[in-house]
Every structure is written in C-alpha cells, then in structure tokens.
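Protein chains in written order, with this note's numbering: chain L, 75 to 251; chain Z, 1035 to 1318. Beta carbons: idealized from backbone N, C-alpha and C, even for Gly. Accompanying notes for the structure given below.
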C-alpha cells in the first residue's frame, strides 16, 4: 500500500473529516457510474458490470458518512483542498482505463480506487486523537477491507487476460513512440 | 473577491450534470475535465440558468450535452464566434466555450486570435490531446512534428502551434495550463478562470487513450501547479516559452480592458434596439 507523508490531515475535527470523506466517496460513485455507462457504450459489458457492481459498495460506504451528517454543520472545503492535494484522487486510477480492458484490469482499477479510500482513512486514524473521528474511520476502514477482499478474490487473471489471446479489435490503436 | 472570501457553497457538482452520460472512450481525459468544471461551477455557486456553454465539433465539444446548463453544440471551429455573440446578447451570463485543439487552433484559429484580442469576458476551455480523435487520429496543430501514425506515416514535419504564446500576443488577459489528471489543480484553475474578468484561455492537457495511448504516461511528466502567475506579459512570455509544456498553473493574469457591448448598459431596451446594438458590435 502506498504512503502519503504529506497528507494534510493532522487532528482534523469530525465535521471536516465528514465533509472531506463525503467528497471523496462522491467522486468514486460518480466515476463508477460514469465508467460503467461508457464501457457499456463501448461494448465492453464485462468491465462495465464490474464498475456497476462496485458502485453500490461505494454508496453503502457513503451511507456510513451520511448517517452522521444531520448532527454536523459541514465546513465548505474548496475542492482543490480536498485531501487529495498531496496524494492520488480516486479518479487517477481511471486514467489507466481503456475500452478494451479485460476483466482483470477492471478489477485492478476498482481495487486501486478502494485503496485511495483506504490510504486516506489510515492516515486519518494515524493523525487523529478524537474518539468520534477514530470510531467513524474505523467503521469506514472495515467497509473498505470487505470491498478489497471481494476484489482480491475476483481479480484472478482469466483466459482473455493472456496477452497471447487479446480481444479482437478491428481498428486497434498503435502505440506511438 | 478572493477565493477564500467566496461564501459557503450550496450547489453540488452533480447538480450541474445532465441526464446524458458521457460516452468518451474509457480513460479519456475529458471525463476529468467535465467533473472539474462541475466542481468549479458548484464552488462558485453559479445558477444553472446563468451559464451558457458553447462548443464546436469534436470529442470534447460534446461537453454541452453533459451539463445541465444552457448549451449550444455549434459548428466546427466556431465555438468562440458563437460565444462572443452570446456574450454580446446576454452579458449577464457566465459564458464558457469549450473544444479541442483541432477545433480551436486550426479550424477556429482565426476566431481564437480575435477572441483573445477583444478580451471579452469568456472562459475558453481547450481539451488538448494533440490529435483529432473523433476522426481517428489525424495530427492537429499541437501534434509533435515527429509523431507518426497511420494517417501521417512520416510525421507532419511542422513545428507545433503554441496556443498560450499566441493568446498572450493576441491580448488574452488570463492564460493557464491544466492537466486532466490533476482534478484539484484543474478545478482551481477553472474556478479562477471563470471568475476572471476578460478572456480566459485554459489549455488542458487531456490524454487521448485510444489514438495516442502513449499519452497515458503524461501523468509521470506533468508538474502540477508549479507555475506562478505573472501580470507582466514579458515575464509571462518567458514562462510560456521556457516551459516544455508540462508545467501547469496560471501563467498570466492581467487587469486589461474588457470588450463589452452597449447592450449591457441598455438591458431594458426593446429586443429590436438590443439587436441593433449587437449587430453594430459584431462589425468590429
């Protein structure tokens, strides 16, 4: 797992944590739904199904956060200060996507997205002394671990992942130097 | 108003998305630009009814369909012509033009120069992937001369267009380069560009993963938000021409005279009076 030593999360209060975490999860949900749709539009049903399947997991992760929202007056954090400033944004994993991606690659990308969440939660716990923050993040981490385990079991290379057996592309892009 | 003084936001990025889902190739940088734009609009809390988004033709020009704001999918290279007309007719709108490098710098090259010269209050987002993606990979004005493809087997041999340099020379008052793979930095640039009074060029490096798959590695080369804005064009020119194209941030921001139509001061005139003013203005 990657480390992000410059994360600006030291001792943040619960409202800030809720706002930041909610922003991050919302991004993941948006991109999962969007990529599921575009993969389907590009006739890659297999990869589309994986993104579709992950979206409810992110939504249930968000439920944990939303359950706490009525008690808090959330601060408005400028989008460029959401704590991806010094580490990866969930969307970064998606830059490796392509329309012919295999099932294995799709699982890898969604796993990377979950790992971004996991890294953030781990750093929040390491840098927080407030019990309410630690409790919240612990439950989010547990949720992430469940998702990671599912992805790990699914992420088994299949026959179509074998480079000797690529999916047919009638107009294959040629890598340029 | 500085960014820190902006009031607590009410809108959310999803409020600005339409019911149409983007169908760009999975991995395309345009997805991240669309999201950054919705985040910028939400942060600025601009009413959807107060936004006009105009585009030309190309993959990137599909943008108006994906936003729930007033949109116009125009003709090739004419996004800025349409945006100029819209701003003259409705100076109260936040007018954004969007397109690609081929649309904006080649077919629309002349409009680009004169839009910079007029310095109207328009934000121009160029999603630059250095290729014509929609028509399967022809070289565009920003394509490297050595880039070989099925459609240009020997490369073009032509030196690349420098849009930021041209914009500076032509009179644009806000010039920035962003990277689609930097969601935070890009959102900040777009927010500043929309707030800026005058013509804002936001040139965004946006990988085309299908016809330029090697651009997937751009994220390794881009230097995120490492540029400091200059108000002096000479210093900005030095920064623009001194960059290898991988530095991001605002290069130039100046308080220059903004071209406005008389319509903005005669909003209560009859429709016919306003059209006369606009027609007169467009002859400039």
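Excluding the 5 residues flanking residue i on each side, which residues of the same chain have their C-beta closer than 6 Å to its C-beta?
{"i": "residue 187 of chain L", "result": "102, 164 and 167"}
{"i": "residue 125 of chain L", "result": "106, 109 and 110"}
{"i": "residue 1190 of chain Z", "result": "1173 and 1179"}
DSSP three-state call for residue i: helix, strand or coil?
{"i": "residue 196 of chain L", "result": "helix"}
{"i": "residue 1183 of chain Z", "result": "strand"}
{"i": "residue 159 of chain L", "result": "Annotation note: pLDDT 46 at residue 159 of chain L (below 50); position unreliable, coordinate value reported separately. Looking at residue 159 of chain L - three-state DSSP - the assignment turns out to be coil, as it is neither helix nor strand."}
{"i": "residue 1176 of chain Z", "result": "coil"}
{"i": "residue 148 of chain L", "result": "coil"}
{"i": "residue 1095 of chain Z", "result": "helix"}
{"i": "residue 1259 of chain Z", "result": "strand"}
{"i": "residue 1239 of chain Z", "result": "strand"}
{"i": "residue 1051 of chain Z", "result": "strand"}
{"i": "residue 1245 of chain Z", "result": "coil"}
{"i": "residue 173 of chain L", "result": "coil"}
{"i": "residue 1264 of chain Z", "result": "strand"}
{"i": "residue 1101 of chain Z", "result": "strand"}
{"i": "residue 1207 of chain Z", "result": "coil"}
{"i": "residue 1119 of chain Z", "result": "helix"}
Is any beta-carbon of chain L found at less than 8 Å from that of residue i?
{"i": "residue 1257 of chain Z", "result": "no"}
{"i": "residue 1319 of chain Z", "result": "Outside the displayed range of chain Z (1035 to 1318) lies residue 1319 of chain Z, so it cannot be described from this structure."}
{"i": "residue 1056 of chain Z", "result": "yes"}
{"i": "residue 1167 of chain Z", "result": "no"}
{"i": "residue 1244 of chain Z", "result": "yes"}
{"i": "residue 1066 of chain Z", "result": "yes"}
{"i": "residue 1073 of chain Z", "result": "yes"}
Within 8 Å of any Cβ in chain C, is that where the Cβ of residue i sits?
{"i": "residue 1048 of chain Z", "result": "Note that chain C does not occur in the displayed structure, where the protein chains are L and Z."}
With residue i as the anchor, note down where its alpha helix (DSSP H) starts and where it stops.
{"i": "residue 1276 of chain Z", "result": "1267-1276"}
{"i": "residue 105 of chain L", "result": "88-115"}
{"i": "residue 1077 of chain Z", "result": "1064-1078"}
{"i": "residue 207 of chain L", "result": "205-228"}
{"i": "residue 1059 of chain Z", "result": "Neither: residue 1059 of chain Z is in no alpha helix (DSSP H) and is coded neither H nor E."}
{"i": "residue 1044 of chain Z", "result": "Taken as a continuous stretch (DSSP letters only), residue 1044 of chain Z belongs to no alpha helix (DSSP H), as it is neither H nor E."}
{"i": "residue 168 of chain L", "result": "Per DSSP, residue 168 of chain L belongs to no alpha helix (DSSP H) and is neither H nor E."}
{"i": "residue 1146 of chain Z", "result": "1143-1152"}
{"i": "residue 1198 of chain Z", "result": "1197-1204"}
{"i": "residue 1192 of chain Z", "result": "Looking at the DSSP string, residue 1192 of chain Z is not in any alpha helix (DSSP H), and its letter there is neither H nor E."}
{"i": "residue 1229 of chain Z", "result": "1217-1229"}
{"i": "residue 125 of chain L", "result": "119-140"}
What are the boundary residues of the beta strand (DSSP E) that includes residue i?
{"i": "residue 1293 of chain Z", "result": "That residue, residue 1293 of chain Z, is in no beta strand (DSSP E); it is neither H nor E in DSSP."}
{"i": "residue 1085 of chain Z", "result": "1085-1089"}
{"i": "residue 1287 of chain Z", "result": "1281-1287"}
{"i": "residue 1132 of chain Z", "result": "1128-1134"}
{"i": "residue 1106 of chain Z", "result": "1104-1107"}
Taking only beta-carbon positions, decide if residue i is within less than 8 Å of chain Z.
{"i": "residue 159 of chain L", "result": "In this prediction, residue 159 of chain L scores a pLDDT of 46, lower than 50, which makes its location untrustworthy; no coordinate-derived value is stated."}
{"i": "residue 154 of chain L", "result": "yes"}
{"i": "residue 112 of chain L", "result": "yes"}
{"i": "residue 123 of chain L", "result": "no"}
{"i": "residue 172 of chain L", "result": "yes"}
{"i": "residue 240 of chain L", "result": "Here the model assigns residue 240 of chain L a pLDDT of 48, short of 50, so the residue's position is not dependable and the matter cannot be decided."}
{"i": "residue 168 of chain L", "result": "yes"}
Within a Cβ cutoff of 8 Å, which residues of the same chain sit near residue i, ignoring the five residues on either side of it in sequence?
{"i": "residue 1185 of chain Z", "result": "1170, 1171, 1172 and 1173"}
{"i": "residue 133 of chain L", "result": "103"}
{"i": "residue 1254 of chain Z", "result": "none"}
Mind checking who residue i pairs with in its DSSP beta bridge?
{"i": "residue 1212 of chain Z", "result": "Z/1238"}
{"i": "residue 1161 of chain Z", "result": "Z/1134 and Z/1238"}
{"i": "residue 1349 of chain Z", "result": "Since the first residue shown for chain Z is 1035 and the last is 1318, residue 1349 of chain Z is missing from the structure and cannot be characterised."}
{"i": "residue 1166 of chain Z", "result": "Z/1172"}
I'd like the list of long-range same chain contacts for residue i, defined as Cβ closer than 7 Å, with 5 residues on each side in sequence excluded.
{"i": "residue 1240 of chain Z", "result": "1063, 1064, 1067, 1161, 1162, 1163 and 1214"}
{"i": "residue 138 of chain L", "result": "213, 214 and 217"}
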